[in-house]
Each structure stands twice: as C-alpha cells, then as structure tokens.
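Engineer:
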Amino acid sequence: YAAWKMLQQLYDTEKDQLVLNNLFAVDPARFSRDYKEHTAVSDSANTLLLDYFKNLIIQPVFATVLDIVREAGGEQVRDKMFTGEHINTSENRGVLHVVLCSFGSLNTT
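Take the sequence shown: its position 15, counted from the start at 1, is 9 in the numbering used here, and no numbers get skipped.
(1) Is the separation between the beta-carbon of L17 and that of R27 shorter than 8 Å?
(2) Using the three-state DSSP reduction, which class does N15 fall into: helix, strand or coil?
(3) Looking at the strands, I want to know which residues DSSP matches up with Y29.
(4) Buried or exposed for T83, going by 16 or more other Cβ atoms inside 10 Å?
(5) Within 8 Å, do at least three Cβ pairs link the segment 1 to 13 to the segment 47 to 66?
(6) Count the other CB atoms, across all protein chains shown, that sit within 10 Å of the CB of T104; report buried if there are 16 or more and exposed otherwise.
(7) Quick one: give me the first and last residue of the alpha helix (DSSP H) that G68 is part of.
(8) Within a Cβ cutoff of 6 Å, which residues of the same chain sit near V55, ignoring the five residues on either side of it in sequence?
(9) Would you mind sorting G68 into buried or exposed? The rule is 16 or more other CB atoms within 10 Å of its CB.
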C-alpha cells in the first residue's frame, strides 16, 4: 500500500522526536485534540474515552494509519460487520463483536 510506505517515511523522519514529554511540551493542546469520546446511544451515562494523547503518535501518523485501513478495505469490512454479513471466514458467519455492544438485531446466522 502506498500509505504503508508513507508511514515508514514518517517513522524514519520523526522517530527521534517521538518522546512523550517533548510532545506535551511542544503541543499543550494535545489532550483536547487527541482524544475521542463515545457515548452509548441507549444510555448517555455510559461514555468511553479513548486517549490517544498518551501514545507516541502524532497527527500525520494517525492520519496515515487511517489511510492504510482505507487502502486495505477496512471500511468495507467494518460496514459488513455491522450489517451481519459473513466476514468470519473460519466459521462462515457474521462476527459477534457488535452483538456484545447491543446495537440491535443483527443477522449472525
């Protein structure tokens, strides 16, 4: 994938600067930008906070990883997972990950 080569280039040029203390010093707004909060549709009291800011990742790296997912067809597989399509090739059925999250009725047979 072209994005994989780009990720390698980013690593080669940025690896020496990827020190967590330095990332916070250079970018004090790191927390407010680099976290994602997800609230359950069925219960707004249930919230999940993903804090990317504590990891050795910068925005260009994060964006490039998402490009790799897109190039590999990850979005299509994700969509198939949520519609219950048979993406579990070893058992020839839909995966059950989303059932555990109570997203409603899914066809997993």
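Using N, Cα and C, we set each Cβ at its ideal position, and we do this for glycine too.
For clarity, every value in this text was computed on a predicted model and none was experimentally measured.
Structural biologist: Straight from the coordinates:
(1) no
(2) helix
(3) In the DSSP output, where bridge partners are listed per residue, Y29 has D45.
(4) exposed
(5) Three or more Cβ pairs closer than 8 Å define a contact, and the segment 47 to 66 meets that threshold against the segment 1 to 13.
(6) Because residue 104 is not part of the residues shown, which for the chain are -5 to 103, the question remains open.
(7) G68 to T77
(8) Sequence-distant partners of V55 (beyond 5 residues in either direction) whose C-beta falls short of 6 Å from its own C-beta, in its chain, are L4.
(9) exposed
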